[in-house]
Amino acid sequence: HARKERNIIHKEPTPFIQIDQLPITTTTEDIRKLAREALPNGDQSINEVVFVRSDSFDFMGRCIIAMKSAEDAQRVFEYGNRRVIGGNVIKMTHVSKISEKLRPVELKSVADQTSASGRSVTLTGFPLLTKPEHVLGYLRSRNFYPVEGVEDSIIRLNTKKQATVSKFLIKFDSESEAWRAVRKFHNGEFKLNKRNEIYKLSVSVVY
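One point on numbering: in the working numbering, the residue at position 96 of the sequence shown is 106, and numbering is uninterrupted.
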């Protein structure tokens, strides 16, 4: 279940739009493109895009955008509601606000108030008892360095109760570095020498 707190649905235009039924591969750029097509001043009208995630940090196909004005939001709504993105028919509704609970705390930067959205990845597939320092060592040995090269940039995420593997959030310095990590590690294999077990890794960029 998504992080609790229903966003109140408004019939009147508000600056906030909730988009549902997005494909799980959606990026911030897809949302910005929608605004560019809908508005003369394009994606500059977007203040913030928040992707809603479950307790185990999975993207739920829902995001909320904060526009500069209710008028801009209404134009995006009129243009984008029932449109097709990545094969999915998306649904838009006006909501009252972006609840703080919907902003993943894990993406907040340690050093400042910036968000690590777009330059972070989730890495799933290491053995259950893996710790952040193990992941850091694994990355370093392959020339990948999270933000400031420190363990604090690697966060262990909740997994579903019956999970047999671990899940981590890794913050990098840039979006290109996050994508480089996806290309390098996604669908790769990790061999646990002790037992000769092979673990398949899954990596995706987090928005």
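Cβ atoms here follow ideal geometry from the backbone N, Cα and C, with glycine treated the same way.
Item: Where the alpha helix (DSSP H) through ILE41 begins and ends; Value: 38 to 48
Item: Beta bridge counterpart(s) of GLU199 as assigned by DSSP; Value: LYS210
Item: Own chain, CB closer than 8 Å to LYS14, minus 5 neighbours either side, in chain order; Value: Bear in mind that a pLDDT of 48 at LYS14, under 50, signals an unreliable position, so the model cannot answer this.
Item: Three CB pairs or more closer than 8 Å across the region 29 to 36 and the region 93 to 101; Value: yes
Item: Proximity below 8 Å, CB of VAL86 to CB of PHE26; Value: no
Item: Below-8 Å beta-carbon distance, PHE200 vs any chain C residue; Value: No chain C appears in the structure shown, which is made up of a single protein chain.
Item: For SER66, the nearest candidate out of LEU202, PRO114, GLU207 (CA to CA); Value: PRO114
Item: Local conformation of LEU133 per DSSP, three classes; Value: strand
Item: Beta-bridge partners of THR103, as assigned by DSSP; Value: GLN28
Item: CA-to-CA distance, ASP82 to LYS204, given in whole angstroms; Value: 58 Å
Item: Contacts around LEU167, its chain only, beta-carbon distance under 6 Å, and the 5 residues preceding and following it disregarded; Value: PHE67, LYS177, LEU179
Item: Inter-residue Cα distance where the pair is ARG42 and VAL160; Value: 32 Å
Item: Proximity of ILE95 and ILE75 at Cβ, strictly below 8 Å; Value: no
Item: Buried/exposed call for ARG129, threshold 16 Cβ in 10 Å; Value: buried
Item: Cβ-based neighbour list, VAL59, same chain, cut-off 7 Å, excluding 5 preceding and 5 following; Value: THR38, ILE41, CYS73, ILE75
Item: Assigned secondary structure, LEU179 (DSSP; H/G/I helix, E/B strand, else coil); Value: strand
Item: 8 Å Cβ cutoff met for GLY147 and PHE200; Value: no
Item: Span separating the alpha-carbon of LEU139 from that of VAL175; Value: 8 Å
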